[in-house]
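Protein chains in written order, with the numbering used here: chain F, 29 to 206; chain B, 628 to 1058; chain D, -6 to 303. Even for Gly, the Cβ is constructed at its ideal location relative to N, Cα and C. This one's a predicted model, so the numbers in the text were calculated from it and none came from an experiment. Quick notes on the structure that follows.
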Amino acid sequence: MSPRETVILDEPAIGRALTRVAHEILEKNKGTRDVALVGIVRGGDHLARCLQQRIQEIEGVELPLGSIDITMYRDDLASRGSLPVGKTELLFPLENKNVVLVDDVLFTGRTIRAAMDALMDIGRPRSIQLAILIDRGHRELPIRPDFVGRNVPTATGEKIQVQFNDNQQPVEVRVCKP
Amino acid sequence: MKLLIKGGRLLDPANGIDDQLDLLIEEGIVVAVGVGLNEDDAHILDVSNRLVVPGLIDIHVHLREPGYEYKEDVLSGTRAAVAGGFTSVACMPNTDPVNDNKTVTSYILQKAAEAGLANVFPVGAISKGLKGESLSEMGELGEAGCVAMSDDGRPVRDGEIMRRALEYASTFGLPVISHAEDLSLVSGGVMNDSFVATELGLKGIPWVAEDAMVARDVMLAEFTGARLHIAHVSTRGAVEIIRAAQKRGVMVTAEVTPHHFTLTDEAVRGYDTNAKMNPPLRSADDLAAIREGLADGTIGVIATDHAPHHRDEKNVEFNIALNGIVGLETALPLTLRLVDEGVLTLAEAIDRLSSGPARALGLHRGQLTAGHVADITVIDLDARWTLNAAQLQSKSKNTPFDGWSFKGAVSHTLVAGKLVFDRLEGRESIV
Amino acid sequence: MSFGHKHILGMDQLSADDITRILDTADSFKEISAREIKKVPTLRGKTIINIFFEASTRTRASFEIAEKRLSADTLNISASTSALVKGETLEDTARNLEAMHPDIIVMRHGHSGAPHYLAERCNFSVINAGDGAHEHPTQALLDLMTIRDKKGTIGGLTVAIVGDIAHSRVARSNIIALNTMGARVRLAGPRTLLPTGADRLGAEVFTDIKGALDGADVVMMLRIQQERQGSPLLPSNREYSRFFGLNPDNLQRAKEDAIVMHPGPMNRGVEIASSVADGPRNVILDQVENGVAVRMALLYLISGGEKMAE
Chain F
29 MSPRETVILD
39 EPAIGRALTR
49 VAHEILEKNK
59 GTRDVALVGI
69 VRGGDHLARC
79 LQQRIQEIEG
89 VELPLGSIDI
99 TMYRDDLASR
109 GSLPVGKTEL
119 LFPLENKNVV
129 LVDDVLFTGR
139 TIRAAMDALM
149 DIGRPRSIQL
159 AILIDRGHRE
169 LPIRPDFVGR
179 NVPTATGEKI
189 QVQFNDNQQP
199 VEVRVCKP
Chain B
628 MKLLIKGGRL
638 LDPANGIDDQ
648 LDLLIEEGIV
658 VAVGVGLNED
668 DAHILDVSNR
678 LVVPGLIDIH
688 VHLREPGYEY
698 KEDVLSGTRA
708 AVAGGFTSVA
718 CMPNTDPVND
728 NKTVTSYILQ
738 KAAEAGLANV
748 FPVGAISKGL
758 KGESLSEMGE
768 LGEAGCVAMS
778 DDGRPVRDGE
788 IMRRALEYAS
798 TFGLPVISHA
808 EDLSLVSGGV
818 MNDSFVATEL
828 GLKGIPWVAE
838 DAMVARDVML
848 AEFTGARLHI
858 AHVSTRGAVE
868 IIRAAQKRGV
878 MVTAEVTPHH
888 FTLTDEAVRG
898 YDTNAKMNPP
908 LRSADDLAAI
918 REGLADGTIG
928 VIATDHAPHH
938 RDEKNVEFNI
948 ALNGIVGLET
958 ALPLTLRLVD
968 EGVLTLAEAI
978 DRLSSGPARA
988 LGLHRGQLTA
998 GHVADITVID
1008 LDARWTLNAA
1018 QLQSKSKNTP
1028 FDGWSFKGAV
1038 SHTLVAGKLV
1048 FDRLEGRESI
1058 V
Chain D
-6 MSFGHKHILG
4 MDQLSADDIT
14 RILDTADSFK
24 EISAREIKKV
34 PTLRGKTIIN
44 IFFEASTRTR
54 ASFEIAEKRL
64 SADTLNISAS
74 TSALVKGETL
84 EDTARNLEAM
94 HPDIIVMRHG
104 HSGAPHYLAE
114 RCNFSVINAG
124 DGAHEHPTQA
134 LLDLMTIRDK
144 KGTIGGLTVA
154 IVGDIAHSRV
164 ARSNIIALNT
174 MGARVRLAGP
184 RTLLPTGADR
194 LGAEVFTDIK
204 GALDGADVVM
214 MLRIQQERQG
224 SPLLPSNREY
234 SRFFGLNPDN
244 LQRAKEDAIV
254 MHPGPMNRGV
264 EIASSVADGP
274 RNVILDQVEN
284 GVAVRMALLY
294 LISGGEKMAE
């Protein structure tokens, strides 16, 4: 790890944050009825699976879980080039679902905008909620999370990295200074 | 007025001369050749460190006038000729109207006289309108100044017509120049029929299209005993047919263009329309055979097939681009490359560009002994330069050699003792 | 993640990695065509002009669907409506196209090299939708995608291409692409329909369909153009079908699980017997479906330009 990097959450801390978020989701939705989890590829999809496990541990119910790739919905094709296109897997109908969109870091809000557009093209959920592990601020769009693991004030140039192990379990969150 | 060309190395292949010799010219005629000549009242042209050779002769050019003056005219074409060291050119009859009657011949000669640069020797059409159906009035054409007969640009398809053309032309001592191509075998092809054509998805012209027609015409020459000249040889087979015929005593001569001894069909890659010719650029094997033919004298003539085309006729899809390139201003440096590569001696190279062509068409030129017309080309063998197509004297700039670097350049061109091109001045000038 | 290609002019410009990337991307795009709303905003605001100097139904339709599913603005110009019939040069056509500021031109042209001409002179990207007898790269890519779908891999397979190899841009592109991907290619047809130097194309050449089919994993039949019949190249369709047509009998020489492909449109009873065309081994409709996905992938990758992503 370079001296410019600082660990702000370790594995247990991430675990506690996710457990709390799982509880908040259940609380807000008054249980598991019609709730579905959709993670944004890549990172959000791993976290969504973690949340699904925790909710199953708490309530004994396996929530529908999907993943959504937003590459085709990005607004920065010209500046970022053709990023690899990931897989969207939504094997359940979105109609009448309260979809909890899950991502690792919330920054400008553009990724969430793209994900909501992508969801709307695939179906018509009753509502969309947003669960985020790290909210680092600097929003460029009127988007706010419903569930936050940790608020981390950052400078624009800094980067937040959520590290996953080979089993796609989150192990660390780092801030990297430019 | 007298002119003394002093200090140069005189190379006159026809007479076996290669020495430090001066030339004295009077009234357009060489009057003396000797060591250290002096003449008090002569204008002196100092050609120290230069090669002095008989004026180069290109027996295959398209001057495009009358009819296609937007591509070239007699003035611009002869300007290109003298810039390329050519003192004489023979121009093909596929103009509009076709040079199949003495009026057109006279018109061309009048334009050439007005230009006052290179000698122009018109070639008359074999058949009226180049249609291959009935013979043109060759007797009158010869009288008017035509030096040979050809339907160049297209073959004489009908064997009977070609037989009679050879017989009739020989009546007047005129050689026939054959554009040898079996069109039914060409069958819409646009480049050499080869693997390159397969890769590029272009329709090929097989070598047999040329060989078959060369064989027919050579046999007709043998049968009739007439003089035949094969234009722009491009295949190994054609070289071999001609070589065998010459051994049998058939009166057949042949020419090759600088592009056919320099480039192969690989030049077509990228769909470069300046590599589109007829006959097409052939394979490396054909190129080797052509060079052998040049070296052993089977091919006694280098001729350019100077074919100016407007940019709009080349800047199109390969299939529909017109055939040919300009050649007058690149022939000498491309031939000198053969000398550098050891294919030809310098004397052979100069022979193929001067005395060889003169022999093929029976022109009284191509030699520099006393009594001959003082058509002279002075060459700076060491000059290094790069071709910029935009600066060609020709009206058209269609050349695949743009940007090529060369060694050897024309320094002076004199026609009948008159200086018509001086490289240092970058343009023609009159003494 | 730069794709590194501004134009797609031929398979000769694409490496095995490029091809794999295109096919992987196409796999992802395939899902969109199965949705209820078959549209993503990826190329919103991009202008794509499909200019077809030769008649085409399926290639043009396939490109147009691909473009629309990516939300590009598309415009079709065909030879019958273009100024070309009035004698406009390709250079003037190019200038006029450029003045419309398109991002991509999809071009089909009867002359080999025409898309290269455009690509050399213009700022927009050019995708070759078939040029003369030269190349048809998107057809080869959709064929590769279909083979990979059905066989799991391309390398090591034996692919027999049968028919008018000499005049086929589909064959040309497939031969190059299959070689790049490590397949063994066989060509079969009468000598008149084999190109000069066919043996140098990186393929084994047969003048007998049976030998070409022996143990093949993939059989690719080419369309016999109607005008070949009675030309110096081919005496009759009847004789062609007897000696070079694919039928249930000779297909038995191929591997049991061999697939049968055809770029379409088929001449039933000429190069392919109806019973084979309708048989269980044919993947012709998969080819059509994959055509849309492959073209979406290409349009997407080309649009990312040559810029590097973070």
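By DSSP's assignment, B:Trp1012 forms a beta bridge with B:Phe1033. Beta-bridge analysis with DSSP links B:Ser715 to B:Ile684 and B:Asn746. A distance below 8 angstroms separates the beta carbons of F:Asp131 and F:Gly72.
In its own chain, leaving out the 5 sequence neighbours on each side, no residue places its CB closer than 7 angstroms to the CB of D:Asp17. If you check the CB distance, B:Lys633 and B:Asp673 come in under 8 angstroms.
In the DSSP assignment, D:Met214 falls within the beta strand (DSSP E) that extends over Val211 to Met214.
A contact is defined here as three or more CB-CB pairs under 8 angstroms, and the stretch 203 to 223 of chain D fails this definition with respect to the stretch 841 to 853 of chain B. Taking CB atoms only, B:Ile947 has a neighbour in chain D less than 8 angstroms away. Within the model, the alpha-carbon separation for D:Ala48 versus B:Thr889 is close to 40 angstroms. In this structure, B:Thr996 lies away from B:Leu980, with their beta-carbon atoms at least 8 angstroms apart. Proximity to B:Ser763 across B:Phe822, B:Ala752 and B:Glu944 peaks at B:Ala752, based on C-alpha coordinates. F:His51: member of the alpha helix (DSSP H) spanning Glu39 to Lys56, first to last residue. Secondary structure of B:Gly704 (DSSP, three-state): helix.
The beta-carbon distance between D:Ala19 and D:Asn283, rounded to whole angstroms, is 7 angstroms. This is short enough to meet the 8 angstroms contact definition. Under DSSP, F:Pro198 forms a beta bridge with F:Phe192. Of B:Leu736, B:Gly983 and B:Ala974, the smallest CA-CA separation from B:Cys718 is found for B:Leu736.
Comparing alpha carbon positions, the residue from B:Gly766, B:Ser910 and B:Asn721 closest to B:Gly800 is B:Gly766. For B:Asp779, the nearest beta carbon of chain D is not closer than 8 angstroms to its own beta carbon. The three-state reading of DSSP puts F:Asp73 in helix, counting H, G and I together. One thing to note: D:Phe46 has its Cβ no nearer than 8 angstroms to the Cβ of D:Val99. Taking a Cβ-Cβ threshold of 7 angstroms, the residues of chain D close to B:Leu829 are Ser105, in chain order. Non-local C-beta neighbours of D:His127 in its own chain, meaning closer than 6 angstroms and more than five positions away in sequence, comprise Ser105 and Arg162, ordered along the chain. Distance between B:Trp1031 and B:Phe748, taken at the CA atoms: about 30 angstroms. Using a Cβ-Cβ distance cut-off of 8 angstroms, the stretch 718 to 729 of chain B and the stretch 1041 to 1053 of chain B are not in contact, since fewer than three pairs of beta carbons, one from each stretch, lie closer than that value. Using a 10 angstroms sphere on the CB of F:Pro181, the tally of other CB atoms stays under 16, which defines it as exposed.
Per DSSP, reduced to three states, the secondary structure at B:Phe945 is helical.
For F:Thr139, the enclosing alpha helix (DSSP H) begins and ends at Arg138 to Ile150. Contact with chain F is found for D:Glu24, since one of that chain's Cβ atoms lies less than 8 angstroms from the residue's Cβ.
Counting along the chain, the unbroken alpha helix (DSSP H) around D:Asn230 starts and ends at Asn230 to Phe237.
Listed by position along chain D, the residues whose Cβ is nearer than 8 angstroms to that of F:Thr184 form an empty set, because the closest Cβ is around 15 angstroms away. Listed in chain order, the positions of the stretch 890 to 924 of chain B with a beta carbon within less than 8 angstroms of a beta carbon of chain D are Gly897 and Tyr898.
Chain-ordered, the chain F residues with CB closer than 7 angstroms to the CB of D:Val33 read Met100, Tyr101 and Asp149. A buried status is given to B:Lys1022, since no fewer than 16 other beta-carbon atoms sit within 10 Å of its beta-carbon. Residue environment analysis places F:Leu93 among the buried positions, since at least 16 neighbouring C-beta atoms fall within 10 angstroms of its C-beta. Contact between the stretch 2 to 12 of chain D and the stretch 23 to 32 of chain D is not established, with fewer than three Cβ pairs separated by less than 8 angstroms. Within 10 angstroms of the beta-carbon of D:Phe237 lie 16 or more other beta-carbons, which makes it buried.
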